[in-house]
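For reference, the structure discussed in these notes is given below.
Protein chains: 2
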Amino acid sequence: MKWSQTHLYTLKEAPSDADILSQQLFVRAGLIKKLAPGIFTFGPVGLRALRKFEGIIREELEKRGLIEVLMPMVHPKELWEETGRWTKMGEGLLKFKNRNGQWFCLGATHEEAITDYVRYELQSYRDLPKNFFQIQTKYRDELRPRFGLMRGREFIMKDAYSFDLDKPSALKSYQIMYDAYKAIFDRLKVEYRIVEADAGSIGGSLTHEFQLIADAGEDALMVSDVSDFAANREVCPAIDTNPVKLTSNQESGAPVIPFFEEFATPNLKSILDLETSYPDLKPLLVKTLFFKEDKPEAKIFAVVLRGQDEVNPIKLKNVFGFSQEPIWATDQEVVRVTGVEPGSCGPLGLNIDIYLDNGVTGLPSVVVGANKKGYHLKNVVLGRDFKATAIGDYRMAKSGDQDPKNPSGRLSAVRGIEVGHVFYLGTQYSEKMNARYLTKDQKSQTIEMGCYGIGVSRTIQAVIEQCHDKDGMIWPMAISPFLVHICVLDVKEKALLNLAESLEKSLLSFGVDTLIDDRDERPGVKFKDADLLGFPLRITLGKKGFDKGVAEFVTRKNQNKIEVPLAQMIEKAIEVLKEIEK
Amino acid sequence: MKWSQTHLYTLKEAPSDADILSQQLFVRAGLIKKLAPGIFTFGPVGLRALRKFEGIIREELEKRGLIEVLMPMVHPKELWEETGRWTKMGEGLLKFKNRNGQWFCLGATHEEAITDYVRYELQSYRDLPKNFFQIQTKYRDELRPRFGLMRGREFIMKDAYSFDLDKPSALKSYQIMYDAYKAIFDRLKVEYRIVEADAGSIGGSLTHEFQLIADAGEDALMVSDVSDFAANREVCPAIDTNPVKLTSNQESGAPVIPFFEEFATPNLKSILDLETSYPDLKPLLVKTLFFKEDKPEAKIFAVVLRGQDEVNPIKLKNVFGFSQEPIWATDQEVVRVTGVEPGSCGPLGLNIDIYLDNGVTGLPSVVVGANKKGYHLKNVVLGRDFKATAIGDYRMAKSGDQDPKNPSGRLSAVRGIEVGHVFYLGTQYSEKMNARYLTKDQKSQTIEMGCYGIGVSRTIQAVIEQCHDKDGMIWPMAISPFLVHICVLDVKEKALLNLAESLEKSLLSFGVDTLIDDRDERPGVKFKDADLLGFPLRITLGKKGFDKGVAEFVTRKNQNKIEVPLAQMIEKAIEVLKEIEK
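Following this line, the structure appears as structure tokens:
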């Protein structure tokens, strides 16, 4: 395709509302253009990347027997009321009345729509399993859309939904999708991790996220340096690797801990204050935090954990089976249950449930608040001086923690962009929507479901958030809008343009698509734009080289330059592209 | 593809809300399924037809240099206010407030969005012409959605927008699209007509509709029996072919018309009443109708036309440059200007403008109301007894009228389904949205525009509204979901299934896609479903035939049956398909 025959333009400056680099690059290269906050038009070049990625997804899913359908974007209220999500989804679900006064919403996800689609036809065990997918435009009414396509309002998703006879079969469908997603993201040749995640509002008990690694990612992940273990920090098990160095009297072997004693800590309220004043006690400092479930008249409970640890509200939510993360108790509530304001609170003598993080259990004695203003207690021994209601993993994992899968591995924190998600749903939707089938012996049984998403528009930008340098984008081969970028330097030389055109034609016969920059612009402008657009291979055809019988090949990723005889351009281009693809 | 591996089901009965045959067939074969009124899910087979048609459109447009983009479905109010269409589009434009209280609408068309997309980048004469298209989901809040995909709320359109330097260039772009549409609909091999149409609310002065001929069509068309002339009945010129047979005294040559005289016509109010009582006067009966522009304090005017003719409000609107069709004057208003109630009104002595249809001018004398209750006048002569403000074509064309393009042609009335539309827009949007460019000599000039639509989802159903029989659909090759339907009659015979699979594979290598009905069902059920689904060629593989070494080929369209030796199935299938394609 010729530059002059498509709609391509580049901007020197990114607009001020472009938050992250990939968004800036997308806008500067005209891949997308904002129509409204979080709402974008795809230009011809952006659309090519999108369509290539859609093609990969379609191929991998059809190969695995998935059935493509296309569901509507506008859904009636009645449907979403069947599952209770009309209200449960909150304000992110965009609702409106039509001219007849009936309520509808813009589909943000399609569990309801697909279940309605199949519930009358999937009637017998013979009709199962079935696994459907669609590639379709969705809308989520983001309060603050940002990061371009990565947190937009209108976005393109591939969503899939499996319907199975029973749980074992549903887990098989889950595994098929897990493998399909691996195959899809492997083909992009980008760095990604599959992480265990919190199921969030969609629910379900088995779920994995596919996270593309990038510094600007919204998700905090813990990944292992030796195994493929990766988890969302929110649900990552916390396992110590460095036992606390104890002071001499504990090292003797005999646990002779004297009775706990009070000591004055005026104005020392935070762990940091205590550490600074009592550096010796640092490893023994323990904090007591107060929470309650997020509902009226909920009971206050305490969580006790080491000073340097961070409480993990998602773990608390999951352990206690709350529907939401617990919320902090107010200062007044803390006073009511401890008799003292936060800063001097401790677990001794409390009349409420006490949940002890397992990081504390290794400590022979601990330092805690005395429930008396300006005082703490030391030589406090768990079991002797206070009892825990339960002991568990209530803290955030952190860098240096042990890999739960491989004891020799260590975790480190990275940032990720969620590009795919697989969920085992069980019967939570099919039950409510009465999607049932008759077994071989004519018993009515609820269908088991799974749902699976890939953020299609999000992924193409996320890839660039990972793959770029100071000059612009560096597209992976699989979804690069074009594979070859031909810069014709002297466009008034008809012979050069002819050569470019015949090169394009030959490359196309090998499945290699080409953009020809046929603008009457300076070489510097063309090279800058080629770097910005970031297609894998740039071929420069100039008058000087032409007279010498050579072209210049530049690999975008490493800016490797070689001179190639004109007669060998095609075979060399194929060779270089194969090299890049490795 | 195997029946058992996709999601295919057929219904004996169409749902009661399916209004027309094509919709009933689509629903019965599971091609679409209603989610809400006017909102449908495409099943896997329906989606295949859709995608094939999209592929044809894409091919023909890209071949002609159009640039594909993808615009959003959600548009901000501010954009539509620039052209005044936020209010002008009326309630069909679905509007909503987002969670931040900002107004948006669901795009029903994209003139505003595309003009915004290009107005900052198309700055110089060097950037023009450009012609963009997208294939995208739109929404129109139909008051009473009906006819399935043909008048749905959510629908898929191909819309295109051209941007040009000046009118001659814009008309060239128009011609390119006109030719592209011809190529697209020619490939479907269906009966369609290109008609001159009224520009309606989109505006513009040059416009053609592509109308697929079908009895259930919503549009009344006049088509010629000899030329390619076709027009929407609303704008079709009305040209008489049969001059009125006059009575003897007029035939003498000398126009001796006595002075007009009153005659009593008690209780004869309608033309039909008069015809019945005075059959001799029938060809001379003329009616006088009263209208006014649809706005406050508009003047009443009269339209005079032959008794058997029908007034054409669209022609009146266009002649007078009204924004809407004129409305009928009330009985009170008629009394005010004529002194008498409708039924006895005539053009004589009126103080208002009188517009005379040119069908009247051929009559030597006419019969009109006397503006006196229960009386009419005969021997009334135009020019002598009353004067017309203007004479023109104000009537509806009718069957038997003369082809305006070819005097030997006769028009007949048919029904059409509008599947495509091309508009020359001029500067009406670019002016309001300030889309301008700099000419070679640095003058600022408004960009010329055109817009072009194809109802993608509508067309695939419209095609079936034309192509079906009592047993089901008859797909044209170009968009048939599958080309071959293999019925395996004895699915427990492994050899038969194997044969079907290898046949599918061989056919695919020729680009022929196949559905294998591998259900354990009676032959009658399978044949019925094959007829309903309507793919061009059915191949039946049964045990009996297999033992004899033959298969049965049935052409869907004419139910032609032949026996084909198993070894010749592939070449014969290709041959038969080529025959059907002719």
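Taken in order, these protein sequences are the chains called A and B. Letter by letter, the first sequence follows residues 1 to 582 in the numbering used here. Letter by letter, the second sequence follows residues 583 to 1164 in the numbering used here. Where is the CB? At the ideal position from N, CA and C, for every residue including glycine.
Distance, residue j Cα to residue i Cα
| i | j | result |
| --- | --- | --- |
| glutamate 663 of chain B | threonine 669 of chain B | 8 Å |
| tyrosine 591 of chain B | glutamate 575 of chain A | 49 Å |
| leucine 94 of chain A | phenylalanine 40 of chain A | 18 Å |
| threonine 6 of chain A | leucine 643 of chain B | 13 Å |
| valine 996 of chain B | valine 27 of chain A | 50 Å |
| valine 456 of chain A | threonine 137 of chain A | 10 Å |
| glycine 204 of chain A | aspartate 141 of chain A | Model confidence at glycine 204 of chain A stands at a pLDDT of 48, short of 50, so the residue's coordinates are unreliable; what they give is reported in the following sentence. Distance between the alpha carbons of glycine 204 of chain A and aspartate 141 of chain A is about 24 Å. |
| valine 550 of chain A | glutamate 563 of chain A | 6 Å |
| isoleucine 853 of chain B | lysine 659 of chain B | 51 Å |
| isoleucine 639 of chain B | lysine 712 of chain B | 18 Å |
| valine 917 of chain B | lysine 955 of chain B | 11 Å |
| proline 15 of chain A | lysine 97 of chain A | 35 Å |
| asparagine 1080 of chain B | phenylalanine 1128 of chain B | 12 Å |
| isoleucine 300 of chain A | arginine 306 of chain A | 20 Å |
| valine 380 of chain A | aspartate 159 of chain A | 54 Å |
| isoleucine 327 of chain A | glycine 620 of chain B | 45 Å |
| alanine 618 of chain B | tyrosine 117 of chain A | 11 Å |
| threonine 109 of chain A | isoleucine 1029 of chain B | 40 Å |
| lysine 1022 of chain B | asparagine 933 of chain B | 56 Å |
| aspartate 353 of chain A | alanine 302 of chain A | 6 Å |
| leucine 281 of chain A | phenylalanine 291 of chain A | 26 Å |
Buried or exposed by the 16-neighbour rule on C-beta atoms within 10 Å, applied to residue i
| i | result |
| --- | --- |
| valine 949 of chain B | buried |
| threonine 1041 of chain B | buried |
| aspartate 179 of chain A | exposed |
| serine 783 of chain B | With a pLDDT of only 42 at serine 783 of chain B, under 50, the local geometry of the prediction cannot be trusted, and the value read off the model is given with reservation. Its Cβ having fewer than 16 others within 10 Å, serine 783 of chain B is exposed. |
| glutamine 1186 of chain B | Because chain B is modelled from 583 through 1164, residue 1186 of chain B falls outside the range shown and cannot be assessed. |
| isoleucine 1162 of chain B | buried |
| proline 727 of chain B | buried |
| proline 342 of chain A | buried |
| glutamate 833 of chain B | Confidence at glutamate 833 of chain B is low in this model, with a pLDDT of 49, below 50, so its placement is unreliable and no value can be given for it. |
| tyrosine 181 of chain A | buried |
| phenylalanine 1092 of chain B | exposed |
| arginine 126 of chain A | exposed |
| glutamine 568 of chain A | exposed |
| lysine 869 of chain B | buried |
| glycine 903 of chain B | exposed |
| aspartate 807 of chain B | exposed |
| arginine 522 of chain A | exposed |
| lysine 315 of chain A | buried |
| glutamate 112 of chain A | buried |
Nearest-angstrom Cβ-Cβ length linking residue i and residue j, presumed shorter than 8 Å
| i | j | result |
| --- | --- | --- |
| arginine 992 of chain B | aspartate 985 of chain B | 6 Å |
| valine 886 of chain B | leucine 930 of chain B | About 11 Å separates the two Cβ atoms, so there is no contact after all. |
| tryptophan 585 of chain B | arginine 1101 of chain B | 5 Å |
| tyrosine 1006 of chain B | glycine 1032 of chain B | 5 Å |
| alanine 1082 of chain B | valine 1070 of chain B | 5 Å |
| phenylalanine 147 of chain A | isoleucine 32 of chain A | Contact flag wrong, Cβ pair sits at about 12 Å. |
### Query
Which runs of the beta strand (DSSP E) spanning at least 3 residues fall entirely within the stretch 395 to 476 of chain A, listed in chain order?
For the stretch 395 to 476 of chain A, whole beta strand (DSSP E) runs of length 3 or above, ordered along the chain, are 411 to 426, 436 to 438, 444 to 446 and 448 to 455.
### Query
Counting only runs that start and end within the stretch 259 to 320 of chain A, where is the beta strand (DSSP E) found for 3 or more residues in a row?
261 to 264, 286 to 292 and 300 to 306
### Message
My parser needs the beta strand (DSSP E) runs of 3 or more residues fully inside the stretch 85 to 158 of chain A; what are they?
### Response
95 to 97, 103 to 106 and 130 to 139
### Query
Along the chain, which unbroken stretches of the beta strand (DSSP E) at least 3 residues long are found entirely within the stretch 552 to 582 of chain A?
561 to 565
### Query
Just checking, does the stretch 734 to 745 of chain B make contact with the stretch 70 to 79 of chain A on the three C-beta pairs under 8 Å criterion?
yes
### Query
Which runs of the beta strand (DSSP E), 3 residues or longer, sit entirely within the stretch 889 to 968 of chain B?
936 to 939, 948 to 951 and 957 to 962
### Query
Is the stretch 1012 to 1025 of chain B touching the stretch 851 to 871 of chain B in the sense that three or more CB pairs, one from each, lie closer than 8 Å?
no
### the stretch 965 to 977 of chain B contacting the stretch 738 to 758 of chain B, beta-carbon criterion three pairs below 8 Å
no
### Message
Would you call the stretch 764 to 773 of chain B in contact with the stretch 791 to 799 of chain B, where contact means no fewer than 3 C-beta pairs closer than 8 Å?
### Response
yes
#### Entry: Inside the stretch 28 to 67 of chain A only - beta strand (DSSP E) runs reaching at least 3 residues
32 to 36 and 39 to 42
### Three or more C-beta pairs below 8 Å linking the stretch 213 to 220 of chain A and the stretch 482 to 496 of chain A
no
### Task
Could you pull out every unbroken beta strand (DSSP E) segment of at least 3 residues lying fully inside the stretch 490 to 524 of chain A, listed in chain order?
514 to 517
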